[in-house]
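Each remark here refers to the structure printed beneath this line.
Protein chains: 2
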Amino acid sequence: MPIERRPLREQIRDELLRRLDRGYFSAGTDINEAALAADLGVSRTPLREALITLAGEGVLESSQGRGFRFAPVSRKEFRELCEIVAALEALALEGSDAAYLKKIAPELLRLARDFPDPVAEHQVIERHDDEWHDLLLSGCRNERLLDLITSVKAGMRRYAHLLAGDDAPLEREADEHCRVAELLMKGDLRAATEALRDNWVNGMARMLSRIPVE
Amino acid sequence: MPIERRPLREQIRDELLRRLDRGYFSAGTDINEAALAADLGVSRTPLREALITLAGEGVLESSQGRGFRFAPVSRKEFRELCEIVAALEALALEGSDAAYLKKIAPELLRLARDFPDPVAEHQVIERHDDEWHDLLLSGCRNERLLDLITSVKAGMRRYAHLLAGDDAPLEREADEHCRVAELLMKGDLRAATEALRDNWVNGMARMLSRIPVE
DNA sequence: CTGTAATATTTTGTACACAGAATTCATAGT
DNA sequence: ACTATGAATTCTGTGTACAAAATATTACAG
Numbered sequence: 001m002p003i004e005r006r007p008l009r010e011q012i013r014d015e016l017l018r019r020l021d022r023g024y025f026s027a028g029t030d031i032n033e034a035a036l037a038a039d040l041g042v043s044r045t046p047l048r049e050a051l052i053t054l055a056g057e058g059v060l061e062s063s064q065g066r067g068f069r070f071a072p073v074s075r076k077e078f079r080e081l082c083e084i085v086a087a088l089e090a091l092a093l094e095g096s097d098a099a100y101l102k103k104i105a106p107e108l109l110r111l112a113r114d115f116p117d118p119v120a121e122h123q124v125i126e127r128h129d130d131e132w133h134d135l136l137l138s139g140c141r142n143e144r145l146l147d148l149i150t151s152v153k154a155g156m157r158r159y160a161h162l163l164a165g166d167d168a169p170l171e172r173e174a175d176e177h178c179r180v181a182e183l184l185m186k187g188d189l190r191a192a193t194e195a196l197r198d199n200w201v202n203g204m205a206r207m208l209s210r211i212p213v214e
Numbered sequence: 001m002p003i004e005r006r007p008l009r010e011q012i013r014d015e016l017l018r019r020l021d022r023g024y025f026s027a028g029t030d031i032n033e034a035a036l037a038a039d040l041g042v043s044r045t046p047l048r049e050a051l052i053t054l055a056g057e058g059v060l061e062s063s064q065g066r067g068f069r070f071a072p073v074s075r076k077e078f079r080e081l082c083e084i085v086a087a088l089e090a091l092a093l094e095g096s097d098a099a100y101l102k103k104i105a106p107e108l109l110r111l112a113r114d115f116p117d118p119v120a121e122h123q124v125i126e127r128h129d130d131e132w133h134d135l136l137l138s139g140c141r142n143e144r145l146l147d148l149i150t151s152v153k154a155g156m157r158r159y160a161h162l163l164a165g166d167d168a169p170l171e172r173e174a175d176e177h178c179r180v181a182e183l184l185m186k187g188d189l190r191a192a193t194e195a196l197r198d199n200w201v202n203g204m205a206r207m208l209s210r211i212p213v214e
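Here is the structure:
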């Protein structure tokens, strides 16, 4: 059994993101380091290291003497993040090998079509969506870009659980993914990139209707 | 005198980037935390916090048990970073207020024209270039995007000092900045964005000729 | 009853300590 | 001379301790 040999700070970061997905933390609340560390069964040192990482990704905010808190959600920030990821994913897709994309297009189509039961755990749904995007970008050779996309998406996780419950948005998302896959199958990289951009813009609109006006 | 009231980790991060600009550290070398902490006159704790931040920005790498080291420079990574920043700056410019851009265009032109003496400190030259880009993007209202650009650019600082010494690249850079400013003056945001993209592509080519083939 | 000053409590930011992993160095065997 | 083995050393990763700042509480004056 290959016991966990990764720095605690990384394991803690992952665990905090997992809890965030599950809605354990409500946005805007302060973090009590001692309490959270005790809860996780670690000391404050690696916990703080994880918190600093998450702050760098925009998941947390910090201010002198007041420690860390979960960054509040806002329509404006969500819009900003969507714009950014849309541009970055488009860049990644543009820079991918067209032949490779053509090869994986059927798999992308399949994934898009058999989207999970709308009543499934939100977590399952999110993971399915992530899987599709990951596969789509798996042909990008710009490693830094892929890292950056992962990092920015971590900053969007605070919004993911807002999508819970309704099924109509999921179907539209799936439709749009199909469209991207079909364009890739035809070998039209340019159009696929535009369809991906549209997907983000539309997805943003769908989500915005669920974020309360502050 | 307003004594520094920021977390040490931030001051340390800034100081490390400053030293990086001055070429104190050579890429690829391991960091000895105790020695560096002693040199800076702080303890290892806030130093490590700064190192973790820098690792998140791609300035450093880390591996289990072996600590941190300055990420090695490579033509591939530099190309990747340039692509990313080009896309992000283009996005930022597109999203700016056209009227505001028209207003600051003359100042941009002035800044581009009186570029500093080529024999000046590299640091001065870099700062001048940064100033121009900062002003150009000052009309962007996507705050997350601006933060992200700053962060990615921090990851490029390892390459900046390679530009030292020659003056021809600086003049070309200035020419291209002028062109962007002129297009903004005309109110042609689309063309200006393209010119900015070209500026990054060309700047990348100029730099690549100075990065040794690994 | 409200606002303010003083005090107590909590919590962060930083320093320090220690165990264990990684590396270096030395020694022995082929 | 070279590889392998093991001891010694160095350094990181994590836990703990403490001082100063922030927050909460109490006491008091208007």
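Protein chains in written order, with the UniProt record's numbering: chain H, 1 to 214; chain A, 1 to 214. For glycine and all other residues, C-beta sits at the position ideal for the given N, C-alpha and C.
Worksheet item: Who are the near neighbours of alanine 174 of chain H in its chain, counting only those whose CB is closer than 8 Å to its CB and skipping five residues on each side?
Response: Numbered from its first residue, the first sequence carries residue 174 of chain H at position 174. Excluding sequence neighbours, alanine 174 of chain H sits near Ala112, Arg113 and Phe115.
Fill in: Three CB pairs or more closer than 8 Å across the stretch 160 to 172 of chain H and the stretch 69 to 76 of chain A
no
Item to complete: Run down chain H in chain order and give the residues with a C-beta less than 8 Å from the C-beta of alanine 192 of chain A.
Response: By 1-based counting over the second sequence, the position of residue 192 of chain A is 192. For alanine 192 of chain A, none of the residues of chain H pass the 8 Å Cβ criterion, the least Cβ distance being about 17 Å.
Worksheet item: CB-CB under 6 Å to methionine 1 of chain H, same chain, minus the five flanking residues each way: which ones, in chain order?
Response: As a working mapping, residue 1 of chain H is identified with position 1 in the first sequence. Note that methionine 1 of chain H scores 45 on pLDDT, short of 50, meaning its location in the model is unreliable; the coordinates nonetheless yield the value given after this. If we look at methionine 1 of chain H and ignore the five residues flanking it on each side, it has no Cβ neighbours.
Item to complete: Name the residue from H:Arg5, H:Ser62, H:Asp21 and H:Phe78 whose alpha carbon lies nearest to the alpha carbon of glutamate 33 of chain H.
Response: What you label residue 33 of chain H is simply residue 33 of the first sequence in a count that begins at 1. Ranking H:Arg5, H:Ser62, H:Asp21 and H:Phe78 by Cα distance to glutamate 33 of chain H puts H:Ser62 first.
Worksheet item: Who are the near neighbours of arginine 69 of chain H in its chain, counting only those whose CB is closer than 8 Å to its CB and skipping five residues on each side?
Response: Position 69 of the first sequence, counted from the start, is the residue given in the question as residue 69 of chain H. Taken in chain order, the residues that qualify are Gly28, Thr29, Asp30, Ile31, Leu60, Glu61 and Ser62.
Fill in: Contacts that proline 7 of chain A makes with chain H (C-beta to C-beta distance below 7 Å)
Here residue 7 of chain A refers to the residue found at position 7 of the second sequence. Within 7 Å Cβ-Cβ: Gln64.
Item to complete: Enumerate, from N- to C-terminal direction, the unbroken alpha helix (DSSP H) stretches of 4 or more residues contained entirely within the stretch 67 to 146 of chain A.
Response: 75 to 94, 98 to 113 and 122 to 137
Worksheet entry | Cα-Cα separation, leucine 196 of chain H to leucine 135 of chain H | The count along the first sequence starts at 1 and reaches residue 196 of chain H at position 196. The count along the first sequence starts at 1 and reaches residue 135 of chain H at position 135. If you draw a straight line from the Cα of leucine 196 of chain H to the Cα of leucine 135 of chain H, it comes to about 13 Å.
Worksheet entry | Residue-chain proximity (alanine 195 of chain A, chain H), Cβ-Cβ < 7 Å | The residue you call residue 195 of chain A lines up with position 195 of the second sequence. Output row for alanine 195 of chain A: interface = no.
Worksheet item: Is it buried or exposed for tyrosine 24 of chain H, if we count other Cβ within 10 angstroms and need 16 for buried?
Response: Residue numbering aside, residue 24 of chain H sits at position 24 when the first sequence is read from its first letter. Result: exposed.
Discussion item. Strictly under 7 Å for the Cβ-Cβ distance: is residue 219 of chain H near chain A by that measure?
Written reply: Outside the modelled stretch of chain H, which goes from 1 to 214, sits residue 219 of chain H, for which no answer is possible.
Worksheet item: Using the beta-carbon count (16 or more within 10 Å), is valine 180 of chain A buried or exposed?
Response: As a first step, residue 180 of chain A is located in the second sequence; it is residue number 180 there, counting from the start. Valine 180 of chain A comes out buried.
Practice prompt. Leaving aside the five residues before and after histidine 161 of chain A along the sequence, list all residues of the same chain whose C-beta is less than 7 Å from its C-beta, in chain order.
Written response: The count along the second sequence starts at 1 and reaches residue 161 of chain A at position 161. The answer, listed in chain order, is Asp21, Gly23 and His122.
Worksheet item: Using the C-alpha atoms, what's the distance from tyrosine 159 of chain H back to lysine 153 of chain H?
Response: To locate residue 153 of chain H, count along the first sequence from 1; it is residue 153. To locate residue 159 of chain H, count along the first sequence from 1; it is residue 159. One C-alpha to the other measures close to 10 Å.
Worksheet item: With DSSP run on the structure shown, which of helix, strand or coil describes residue 242 of chain H?
Response: With chain H covering 1 to 214 only, the question about residue 242 of chain H has no answer from this structure.
Fill in: Presumed contact (8 Å Cβ cut-off) between arginine 157 of chain A and leucine 17 of chain A, rounded CB distance
Locating residue 157 of chain A in the second sequence gives position 157, counting from the first residue. Locating residue 17 of chain A in the second sequence gives position 17, counting from the first residue. About 6 Å separates the beta carbon of arginine 157 of chain A from that of leucine 17 of chain A, a gap short enough to meet the 8 Å contact definition.
Practice prompt. Using DSSP bridges, identify the partner residues of glutamate 61 of chain H.
Written response: Working through the first sequence from its first residue, we reach residue 61 of chain H at position 61. According to the DSSP secondary-structure assignment, glutamate 61 of chain H is paired through a beta bridge with H:Arg69.
Practice prompt. Let me know the secondary structure DSSP gives aspartate 188 of chain H once reduced to three states.
Written response: Start at 1 with the first residue of the first sequence, and residue 188 of chain H comes out as number 188. Here aspartate 188 of chain H sits in coil by DSSP.
Discussion item. Please list the terminal residues of the continuous alpha helix (DSSP H) segment that includes tyrosine 159 of chain H.
Written reply: On the first sequence, residue 159 of chain H is found 159 positions in, with the first residue counted as 1. Start and end: 157 to 160.
Worksheet item: Within the 7 Å Cβ cut-off, does proline 2 of chain A reach chain H?
Response: For the purposes of this step, residue 2 of chain A is taken as residue 2 along the second sequence, with counting starting at 1. Annotation note: pLDDT 48 at proline 2 of chain A (below 50); position unreliable, no value reported.
Worksheet item: Quick one, are the C-beta atoms of alanine 203 of chain H and glycine 58 of chain H less than 7 Å apart?
Response: In the first sequence, the residue the question calls residue 203 of chain H occupies position 203. In the first sequence, the residue the question calls residue 58 of chain H occupies position 58. The sequence shown places glycine at residue 203 of chain H, rather than the alanine named in the question. Not a contact, by the Cβ cut-off of 7 Å.
Discussion item. Considering only DSSP beta bridges, list what residue 215 of chain A is partnered with.
Written reply: This structure cannot settle anything about residue 215 of chain A, because the visible part of chain A is limited to 1 through 214.
Item to complete: Report buried or exposed for leucine 50 of chain A, applying the criterion of at least 16 other Cβ atoms within 10 angstroms of its Cβ.
Response: Counting from one through the second sequence, the residue named residue 50 of chain A turns up at place 50. The displayed chain sequence assigns alanine, not leucine, to residue 50 of chain A. Looking at its Cβ environment, which holds 16 or more other Cβ atoms inside 10 Å, alanine 50 of chain A is buried.
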